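Only one structure is covered here, and it is reproduced in the block below.
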Amino acid sequence: MRVGVYVDGFNLYYGGHAQLGGRAGWKWIDLRALATRYASWQGATVERVVYCTARVNDPDDPGQTSRQDFYLKALKASGSVDVIEEGYYASWSAESVMTAEKAGTRAPTVMRDPGAQLSWSSRLRVRRSQDGALLATVRKREEKGSDVNVATHLLADVLQKRVEAAIVISNDSDLALPIRIAREHVPMGIINPGKKPLAGALKGHPDDGVGRHWWRRLDISDLRQCQLPDLVDGIHKPRGW
1 MRVGVYVDGF NLYYGGHAQL GGRAGWKWID LRALATRYAS WQGATVERVV
51 YCTARVNDPD DPGQTSRQDF YLKALKASGS VDVIEEGYYA SWSAESVMTA
101 EKAGTRAPTV MRDPGAQLSW SSRLRVRRSQ DGALLATVRK REEKGSDVNV
151 ATHLLADVLQ KRVEAAIVIS NDSDLALPIR IAREHVPMGI INPGKKPLAG
201 ALKGHPDDGV GRHWWRRLDI SDLRQCQLPD LVDGIHKPRG W
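Quick note on numbering: my numbering labels position 83 of the sequence shown as 83, and the sequence is numbered without any gaps.
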């Protein structure tokens with residue numbers, strides 16, 4: 001059974017970071033080895049690995065760009081992936097409502113100051129709306145294209161019968177429809193790389209469509225054990241990875 005594997009690179013990275021944080025020993029991932037551990041169908045062989053990502057360009061951390069470049073080159077040189085499909089990063093300023101709670105709080109409360117009692121440095125771009133809500137100008141950075149690229153490669157390979165089963169490594173609910181379509185043609189496996197529960201839109205029944213579908217959470221021990229060699233074709237693993 002020929003298995004195609006479709007990886008949302010940033011979803012995998014942030015999922016791993018949520019589980020392991022800044023600890024070393026997990027970012028230099030051998031994607032083919034990792035996928036092989038989970039391809040549990042009888043006679044399964046990982047035939048094709050597609051890695052979807054975008055080049056980071058954070059001016060506050062230029063080393064991030066070079067570290068990512070080393071990893072992408074190592075993936076190609078090692079044969080760990082067959083395709084690297086790149087989206088892009090967008091960066092812009094936007095006005096956003098401030099909240100009374102810390103970042104990550106669900107259903108946060110809008111911070112209001114209708115009586116203009118709070119004072120701010122003149123350098124801070126903070127204003128009050130008519131209803132007293134406080135708004136700040138913030139930098140927004142967002143990766144674009146990985147979910148579309150995962151969906152496109154998945155459906156192209158399935159419908160062209162290039163693969164006989166497929167694994168998606170992502171917990172992005174935007175992939176619900178292409179995954180649902182793919183289940184009508186091949187067995188599907190979904191690997192949730194993070195700590196959060198599997199997105200409801202990605203759930204289903206093992207017998208949907210052609211059947212033999214499964215869902216797993218990425219085990220951090222597998223992440224640690226499926227690493228590329230420290231040196232790949234002259235490319236060194238970055239310190240701290």
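In this text, a Cβ means the ideal position worked out from N, Cα and C, and glycines have one as well. Fair warning: this is a prediction, and the values are worked out from it, not measured in the lab.
Q: May I ask which residues mark the beginning and end of the beta strand (DSSP E) holding residue 4?
A: 2 to 8 is the extent of the beta strand (DSSP E) around residue 4.
Q. How about residue 230 and residue 26: are their beta carbons less than 9 Å apart?
A. no
**Q.** In DSSP terms, what residue 236 is bridged to
**A.** 231
Q | Terminal residues of the alpha helix (DSSP H) in which residue 99 lies | A | Note, residue 99: premise wrong, no alpha helix (DSSP H); not H, not E.
Q: Report the residue from 134, 199, 154, 185 whose alpha carbon sits nearest the alpha carbon of residue 173.
A: 199
Q) Can you tell me where the beta strand (DSSP E) with residue 251 in it begins and where it stops? A) Since the first and last residues shown for the chain are 1 and 241, residue 251 lies out of range.
(Q) According to DSSP, simplified to helix, strand and coil, what is residue 36? (A) helix
Q) Across which residues does DSSP place residue 215 in a beta bridge pair? A) 190
Q. Taking C-alpha atoms, which residue in 75, 168, 222, 225 lies nearest to residue 202?
A. 168
Q.
Using 9 Å as the threshold, is the C-beta distance between residue 237 and residue 94 below it?
A. Taking 9 Å as the Cβ cut-off, residue 237 and residue 94 do not qualify as a contacting pair.
Q. Would the beta-carbon of residue 125 be found less than 8 Å away from any heavy atom of the ligand NAD?
A. The model on display carries no ligand, and the ligand NAD is accordingly not part of it.
Q | Selection from 159, 1, 151, 204 that minimises the alpha carbon distance to residue 45 | A | 1
Q | Where residue 110 sits in the DSSP three-state scheme | A | strand
Q: Kindly give me the distance between the Cβ atoms of residue 222 and residue 34, rounded to whole angstroms, as I take these residues to be in contact under 8 Å.
A: 6 Å
Q.
So residue 147 and residue 8 are supposed to be a Cβ contact under 8 Å. How far apart are they, rounded?
A. 7 Å
Q: Mark residue 143 as exposed unless 16 or more other C-beta atoms lie within 10 angstroms of its C-beta, in which case mark it buried.
A: Around the C-beta of residue 143, 16 or more other C-beta atoms lie within 10 Å, and the residue is accordingly described as buried.
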